[in-house]
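Here's the structure we're looking at; comments come further down.
Residue numbers (UniProt numbering): 1 to 172.
And the structure:
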């Protein structure tokens, strides 16, 4: 399927703001009915609003808001990718359990999965680079890819016994 150069699963890219316009042969077309489009846009609006409220500091500590519309496809891919990878890991762990890491006994395996996910996105960005990315990059800043993706994960909320287990935004 000719969706994009992004690395994502069929479940995330085929049904995001870009992939929804391509049919099974990779042709650009409108294959969703009006009801499906309306339901998608309502749920997508949650992601747009959520990420648009996330801020980073630019040069001279200028507060910069993420453009939730620009980052929508990648935010959906992050949410779907986290869910898919979690369930794949759980299935593997049930068949062939991972050993618990010494010194990390205070965390469950599920918690360590999400800690590892967050660690993957850790990094430092200059304020100048952050400003350029806010205006041009279809990816949300790394802190948003941790915080907001976790806020949309029921599995994360269950693993850490969060009081509100309902995802902030859910596409599927």
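Note that beta-carbon positions come from the ideal geometry of N, C-alpha and C, so glycine has one too.
**Asked** Below 9 angstroms between beta carbons: does that hold for residue 254 and residue 98?
**Response** Only positions 1 to 172 of the chain appear in this structure, which leaves residue 254 out of reach.
**Asked** Which residues in the same chain as residue 49 place their Cβ atom closer than 6 angstroms to its Cβ, once the five residues preceding and following it in sequence are excluded?
**Response** If you number the chain shown from 1, residue 49 lands on position 49. No residues qualify anywhere along the chain.
**Asked** Would you report the Cα separation of residue 40 and residue 112, rounded to the nearest angstrom?
**Response** Indexing the chain shown from 1 puts residue 40 at position 40. Indexing the chain shown from 1 puts residue 112 at position 112. Rounded to whole angstroms, residue 40 to residue 112 spans 32 angstroms at the Cα level.
**Request:** Name the one or two DSSP bridge partners that residue 55 has.
**Result:** The sequence position of residue 55 within the chain shown is 55, counting from 1. Bridge partners of residue 55: 65.
**Prompt:** Taking the C-alpha atoms as reference points, what is the distance between residue 5 and residue 73?
**Reply:** Residue numbering aside, residue 5 sits at position 5 when the chain shown is read from its first letter. Residue numbering aside, residue 73 sits at position 73 when the chain shown is read from its first letter. No answer about residue 5 holds up, because its pLDDT of 39 lies below 50 and its placement is not dependable.
**Item:** Neighbourhood of residue 165 by C-beta distance below 8 angstroms, restricted to the same chain and skipping five residues each side
**Value:** As a position in the chain shown, residue 165 is number 165, starting the count at 1. The residues are 154, 157 and 158.
**Asked** Would you report the Cα separation of residue 140 and residue 31, rounded to the nearest angstrom?
**Response** Within the chain shown, the letter at position 140 stands for residue 140. Within the chain shown, the letter at position 31 stands for residue 31. Spanning the two alpha carbons is a distance of roughly 28 angstroms.
**Item:** Rounded separation between residue 95 and residue 114 - CA only
**Value:** Position 95 of the chain shown, counted from the first residue, corresponds to residue 95. Position 114 of the chain shown, counted from the first residue, corresponds to residue 114. Residue 95 and residue 114: Cα-Cα distance of roughly 20 angstroms.
**Residues bridged to residue 28 [DSSP beta-bridge criterion]** = Here residue 28 is taken as the residue at index 28 of the chain shown, counted from 1. Answer by DSSP bridge pairing, in chain order: 22.
**Message:** So, with DSSP's three-state summary, where would you put residue 165?
**Reply:** If you number the chain shown from 1, residue 165 lands on position 165. In this structure, residue 165 counts as coil in the three-state DSSP scheme.
**Prompt:** Among 20, 76 and 57, which one has its Cα closest to the Cα of residue 28?
**Reply:** Numbered from 1 along the chain shown, position 28 holds the residue referred to as residue 28. Measuring from the Cα of residue 28, the nearest candidate turns out to be 20.
**Asked** Near residue 130, which residues of its chain fall below 8 angstroms by C-beta distance, leaving aside the five closest residues on each side in sequence?
**Response** Counted from its first residue, the chain shown places residue 130 at position 130. Here the set comprises 56, 57, 58, 64 and 141.
**Prompt:** By the 10 Å Cβ neighbour count, where 16 or more other Cβ atoms means buried, how is residue 80 classified, buried or exposed?
**Reply:** Along the chain shown, read from residue 1 onward, the residue named residue 80 stands at position 80. With 16 or more other Cβ atoms within 10 Å, it is buried.
**Selected residue, minimal CA-CA separation from residue 152, among 168, 161, 146 and 162** = The residue labelled residue 152 in the question sits at position 152 within the chain shown. Per the Cα distances, 168.
**Message:** In whole angstroms, give me the CA-to-CA distance for residue 53 and residue 149.
**Reply:** As a working mapping, residue 53 is identified with position 53 in the chain shown. As a working mapping, residue 149 is identified with position 149 in the chain shown. The straight-line gap from Cα to Cα measures roughly 14 angstroms.
**Message:** residue 121 and residue 173 - do their beta-carbons sit closer together than 9 angstroms?
**Reply:** Residue 173 cannot be examined here, being either before or after the span of the chain that is shown, 1 to 172.
**Where residue 149 sits in the DSSP three-state scheme** = Start at 1 with the first residue of the chain shown, and residue 149 comes out as number 149. If DSSP states are grouped into helix, strand and coil, residue 149 belongs with the helices.
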